[in-house]
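Participant: Remember, the working numbering sits 4 above the position in the sequence shown when you count from 1.
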Amino acid sequence: MRIVRRLEQDGGFLFRWRSYLPLVIVPVGLPALYQAAQFEALWGERAEDIWMLACILLSIGGLAIRWLTVGFVPAGTSGRNTHEQRASFLNTTGLYSVVRNPLYLGNFVVILGIALATKSWWFVLIVALAYWLYIERIIAAEERFLAAKFGAGYLDWLGVTPAFLPAFRLWKRPAERFSLRTVLRREYNGVLSVGLAYYGLEAITDLAIEGESLRTWFQEDGIWSWSLAAALMLFLTLRTIKKNTRLLHVDGR
Numbered sequence: 005m006r007i008v009r010r011l012e013q014d015g016g017f018l019f020r021w022r023s024y025l026p027l028v029i030v031p032v033g034l035p036a037l038y039q040a041a042q043f044e045a046l047w048g049e050r051a052e053d054i055w056m057l058a059c060i061l062l063s064i065g066g067l068a069i070r071w072l073t074v075g076f077v078p079a080g081t082s083g084r085n086t087h088e089q090r091a092s093f094l095n096t097t098g099l100y101s102v103v104r105n106p107l108y109l110g111n112f113v114v115i116l117g118i119a120l121a122t123k124s125w126w127f128v129l130i131v132a133l134a135y136w137l138y139i140e141r142i143i144a145a146e147e148r149f150l151a152a153k154f155g156a157g158y159l160d161w162l163g164v165t166p167a168f169l170p171a172f173r174l175w176k177r178p179a180e181r182f183s184l185r186t187v188l189r190r191e192y193n194g195v196l197s198v199g200l201a202y203y204g205l206e207a208i209t210d211l212a213i214e215g216e217s218l219r220t221w222f223q224e225d226g227i228w229s230w231s232l233a234a235a236l237m238l239f240l241t242l243r244t245i246k247k248n249t250r251l252l253h254v255d256g257r
């Protein structure tokens, strides 16, 4: 079997399970949290707070890449579908004009922020390598599907647009207007996922590794619980609106 064909077949499997496969690496990250506990002892509490804030902002930047992608695309594209490949249109404007896979780029930036929050260089390298091996196969499967569906038009776009590192000189104005309602309808999962990830990192490090009491943790680091509660409330609110009303529906988006 040709290597490319094997990559495409692996990518088809990974595509269906791409929402859950990143969780496989979580157990590998647990030993890295011991280094996170040592960071404060070496550099101080203020340095740790600044580092965590920078990591959170990086992850929010990754979410923003997703928002700026999803907010400009028409219906039937750039979705969270897992059962099969779907693309009603070929997106070649907006962020798709500078990089072929802006959603996967956004995901990587989110995950990179979370990995850096462990303060472990070896874990960051493992995450980056694992993500590339995983996403390379998904991209191979998607490229085969898109080439078969859109033909020469897709191949022309593929020939000039980089796969993962943006080339901003290629920028083309989005064909659609930005739709905040589309972003709210389709991207509320990401905020909760990021909130859970950082909450889990902080809770495990402070409570399980450093041995801080739950009461003290709530008193001194209550912002983590409040932030998670806000993310959960946003998730439940938007999910309820999406499932029970058409307030977030936009025709053609």
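For each residue, glycine too, the CB sits at the ideal point set by N, CA and C.
Is residue 153 helix, strand or coil when you go by DSSP?
Facilitator: Helix at residue 153.
Participant: Rounded to a whole number of angstroms, what is the C-alpha to C-alpha distance between residue 121 and residue 92?
Facilitator: Distance between the alpha carbons of residue 121 and residue 92: 38 Å.
Participant: Opposite residue 98 in the DSSP bridges: which residues?
Facilitator: Paired residue(s): 176.
Participant: Taking 8 Å as the CB-CB limit, is residue 140 close to chain D?
Facilitator: Among the protein chains of the structure shown there is no chain D, as only one such chain exists.
Participant: Three-state secondary structure (DSSP) at residue 239?
Facilitator: Helix.
Participant: So, is residue 227 buried or exposed, given that buried needs 16 or more other C-beta atoms within 10 angstroms?
Facilitator: Exposed: under 16 other Cβ atoms inside 10 Å.
Participant: For residue 244, which of helix, strand or coil comes out of DSSP?
Facilitator: The answer is helix: DSSP assigns residue 244 an H, G or I state.
Participant: With a threshold of 8 Å on Cβ separation, who are the neighbours of residue 174 within its own chain once the five nearest residues in sequence on each side are excluded?
Facilitator: Only 101, 102, 164 and 165 meet the Cβ criterion.
Participant: Going by Cα to Cα distance, which pick from 184, 220, 212 and 236 is closest to residue 251?
Facilitator: Of the candidates 184, 220, 212 and 236, the one whose C-alpha sits nearest the C-alpha of residue 251 is 184.
Participant: Can the beta-carbon of residue 256 be found less than 8 Å from the beta-carbon of residue 106?
Facilitator: No, these two residues do not count as a Cβ contact at 8 Å.
Participant: Give the single residue among 194, 167, 52 and 254 whose Cα lies nearest to the Cα of residue 232.
Facilitator: The residue with the shortest Cα to Cα distance from residue 232 is 194.
Participant: Suppose only complete runs of 4+ residues qualify. What are the alpha helix (DSSP H) ranges in the stretch 27-71, listed by chain order?
Facilitator: Counting whole runs of 4 or more residues, the stretch 27-71 contains the alpha helix (DSSP H) stretches 30-33 and 36-47.
Participant: Quick check: what's the CA-CA separation for residue 215 versus residue 37?
Facilitator: Residue 215 and residue 37: Cα-Cα distance of roughly 13 Å.
Participant: Please state the DSSP three-state secondary structure of residue 258.
Facilitator: What the structure shows of the chain is the stretch from 5 to 257, and residue 258 is not part of that stretch, so it cannot be assessed.
Participant: Out of 130, 171, 189 and 116, which one is the CA nearest neighbour of residue 58?
Facilitator: Nearest option by C-alpha distance: 116.
Participant: Quick check on DSSP: helix, strand or coil for residue 258?
Facilitator: Outside the displayed span of the chain (5 to 257) sits residue 258, for which this structure offers no information.
Participant: What three-state label does DSSP hand residue 78 in the structure shown?
Facilitator: Of the three classes helix, strand and coil, the one that applies to residue 78 here is coil, per DSSP.
Participant: Could you tell me the boundaries of the alpha helix (DSSP H) in which residue 214 lies?
Facilitator: Where residue 214 is concerned, there is no enclosing alpha helix (DSSP H), given that its DSSP letter is neither H nor E.
Participant: Do residue 192 and residue 149 come within 8 Å of each other at the CB atom, strictly closer than that value?
Facilitator: It is not a contact, given that the beta carbons lie outside the stated cut-off.
Participant: Quick one: grab the DSSP three-state call for residue 140.
Facilitator: Reduced to three states, the DSSP call for residue 140 is helix.
Participant: Is DSSP giving residue 186 helix, strand or coil here?
Facilitator: Residue 186 falls in the helix class under three-state DSSP.
Participant: Is the beta carbon of residue 75 closer than 8 Å to that of residue 186?
Facilitator: Closer than 8 Å, so yes.
Participant: From residue 71 to residue 167, what distance separates their C-alpha atoms?
Facilitator: The straight-line gap from Cα to Cα measures roughly 19 Å.
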